[in-house]
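One structure is given here, and the rest of the page talks about it.
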Amino acid sequence: MRRLLTGILTLTLLLLNTLVLIGPLLVFALLKLVLPGRGRDYASAAVMWIAETWSEIDKAIFALCIPTQWDIRGVDKLRQDTSYLCVSNHQTWVDIPALIESLNRRVPFFKFFLKKELIWVPLLGLAWWALDYPFMKRYSKAFLDKHPELKGTDLEITKAACELFKRQPVTVVNYLEGTRFTEAKRAQQQSPYRHLLKPKAGGVAFVLAALGEQLDALLDVTIVYPGDQAPGFWALLNGSISRVIIDIRVRELDPALCAGDYENDPAFRQAVQAWVNQLWLDKDQRIEQLRAEMR
């Protein structure tokens, strides 16, 4: 009963926080539609401040309601005045609060690449637009074979959407596995990693090509939970998760990774894949070490 009440209280406070702040966020989103030049930048900055404040209040709610220990490592050199590419292992919806706990107001607010169709989701689509999330149109290889004139369109659209990033720092989050990890998925993939699914190098190559020199470093984030199975979001809300380790390592980005054609240059594609595979091999070993601390 205690855990049920804790979960209900935590969820209620999170919902109230969202309802209170979604209004101001949407007001500044609408201002972005009508304000020119620097005025739009100021409105964007206000939206970012509201999103960061929402996240800080969520952190306060978690601190008040649940006993979870957030064991955060490697944040001493993080900055808010620079741009990052952030890659992380992905196991559960709790990964998002873990990123908020460790990175909010230590780095620029997160951006995710979204499908263009998602802009029509009621309220959320406008909120994502207000937060300057890039909406991109991706075409299948079969479609591009029939319409070669459209090759590169997705990259050009993303570059245009990211124009604001030249004036405001950004943290772009990319989940290379493409889906949440489970043992069943790992077995189905025949993944060579013990704690990870196979990474998709194409996604990170697309981000690097779209943003290029605007990204100053890589945030290599590794999240580990107690037990053999990642907990669900309700387990976080009701206080069932005793400890979460968030290990962050800042890595330099080789400029050569941003300078090639991943789709059409086999040598460059192989180089990016080798870089991603080594990154994932290191992460798999680090997860093993961190899990040993949980035992």
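Numbering (UniProt numbering), first residue to last: 1 to 295. Where a beta carbon is used, it is the ideal one built from N, C-alpha and C, also for glycine.
Notebook entry, point to check: What are the boundary residues of the alpha helix (DSSP H) that includes Y84?
Noted result: Here residue 84 is taken as the residue at index 84 of the sequence shown, counted from 1. Per DSSP, Y84 belongs to no alpha helix (DSSP H); it is in the beta strand (DSSP E), 84-88.
Next item on the list: Inspect the beta-carbon positions of I223 and E101 and report whether they are closer than 8 Å.
Entry: In the sequence shown, counting from the first residue as 1, residue 223 sits at position 223. In the sequence shown, counting from the first residue as 1, residue 101 sits at position 101. No; because the gap between Cβ atoms is not below 8 Å, this pair is not in contact.
Item checked: C-alpha gap between A29 and E293, whole angstroms -> For this step, residue 29 is matched to residue 29 along the sequence shown. For this step, residue 293 is matched to residue 293 along the sequence shown. If I take the Cα positions, the gap works out to 44 Å.
Margin query: Pairs of beta-carbons, one from the segment 51-66 and one from the segment 92-107, closer than 8 Å: are there three or more?
Written below: yes
Checklist line | Exposed unless 16 or more other CB atoms sit within 10 angstroms - verdict on K77 | finding: For the purposes of this step, residue 77 is taken as the residue at position 77 of the sequence shown. So K77 ends up on the exposed side.
Checklist line | Whole-Å CB distance - L5 paired with P97, under 8 Å assumed | finding: For the purposes of this step, residue 5 is identified with residue 5 of the sequence shown, where counting begins at 1. For the purposes of this step, residue 97 is identified with residue 97 of the sequence shown, where counting begins at 1. The pair is not a contact, with the Cβ atoms about 20 Å apart (cut-off 8 Å).
Checklist line | Q278 versus V107 - alpha carbon distance | finding: Mapped onto the sequence shown, residue 278 falls at position 278. Mapped onto the sequence shown, residue 107 falls at position 107. One C-alpha to the other measures close to 25 Å.
Notebook entry, point to check: For V47, which residues of its own chain have a beta-carbon under 7 Å away from its beta-carbon, when the five flanking residues on both sides are left out?
Noted result: In the sequence shown, residue 47 corresponds to position 47, counting from 1. Excluding sequence neighbours, V47 sits near L25, F28, A29, A130, L131.
Notebook entry, point to check: Do A51 and F109 have their C-beta atoms closer together than 8 Å?
Noted result: Your numbering for residue 51 matches position 51 in the sequence shown. Your numbering for residue 109 matches position 109 in the sequence shown. Taking 8 Å as the Cβ cut-off, A51 and F109 qualify as a contacting pair.
Checklist line | Three-state secondary structure (DSSP) of N174 | finding: Numbered from 1 along the sequence shown, position 174 holds the residue referred to as residue 174. Strand, per DSSP.
Item checked: Terminal residues of the alpha helix (DSSP H) in which R186 lies -> As a working mapping, residue 186 is identified with position 186 in the sequence shown. Element bounds for R186: 183-189.
Next item on the list: Please list, in chain order, all residues of the same chain as R105 whose beta carbon is under 6 Å from its beta carbon, the five residues on each side excluded.
Entry: Counting from one through the sequence shown, the residue named residue 105 turns up at place 105. These residues qualify, in order along the chain: E52.
Margin query: Whether or not the segment 199-215 and the segment 262-278 are in contact is what I'm after, with contact meaning three or more pairs of Cβ atoms, one per stretch, closer than 8 Å; do they touch?
Written below: yes
Checklist line | Burial state of Q91, where buried means 16 or more other Cβ atoms lie within 10 Å | finding: If you number the sequence shown from 1, residue 91 lands on position 91. Flag for Q91 reads buried.
Note to self: Assuming Q189 and L197 are in contact, meaning their beta carbons sit under 8 Å apart, how far apart are those beta carbons, in whole angstroms?
What the structure shows: Residue mapping note: residue 189 aligns to position 189 of the sequence shown, counting from 1. Residue mapping note: residue 197 aligns to position 197 of the sequence shown, counting from 1. With a Cβ gap of about 6 Å, Q189 and L197 count as contacting.
Next item on the list: Starting from V224, follow the alpha helix (DSSP H) in both directions and report where the run begins and ends.
Entry: For the purposes of this step, residue 224 is taken as the residue at position 224 of the sequence shown. That residue, V224, is in no alpha helix (DSSP H); its beta strand (DSSP E) goes 217-224.
Check: In whole angstroms, what separates the C-alpha of R249 from that of A217?
Finding: The residue you call residue 249 lines up with position 249 of the sequence shown. The residue you call residue 217 lines up with position 217 of the sequence shown. If you take the alpha carbons of R249 and A217, they lie about 10 Å apart.
Check: For the beta strand (DSSP E) that contains R251, what are its first and last residues?
Finding: In the sequence shown, residue 251 corresponds to position 251, counting from 1. Start and end: 243-251.
Notebook entry, point to check: Roughly how many whole angstroms lie between the Cα atoms of R291 and W93?
Noted result: Counting from 1 along the sequence shown, the entry for residue 291 is found at position 291. Counting from 1 along the sequence shown, the entry for residue 93 is found at position 93. Approximately 19 Å, taken between the alpha carbons.
Check: Which word fits I8, buried or exposed, when buried means at least 16 other C-beta atoms lie within 10 angstroms of its C-beta?
Finding: For the purposes of this step, residue 8 is taken as residue 8 along the sequence shown, with counting starting at 1. I8 is exposed by the Cβ-count criterion.
Notebook entry, point to check: What's the gap between the Cα of Q214 and the Cα of L253?
Noted result: The residue labelled residue 214 in the question sits at position 214 within the sequence shown. The residue labelled residue 253 in the question sits at position 253 within the sequence shown. One alpha carbon belongs to Q214, the other to L253, and they sit about 11 Å apart.
Check: Distance, Cα to Cα, L114 vs L85?
Finding: Position 114 of the sequence shown, counting from 1, holds the residue named residue 114. Position 85 of the sequence shown, counting from 1, holds the residue named residue 85. Cα to Cα, the separation comes out at about 16 Å.
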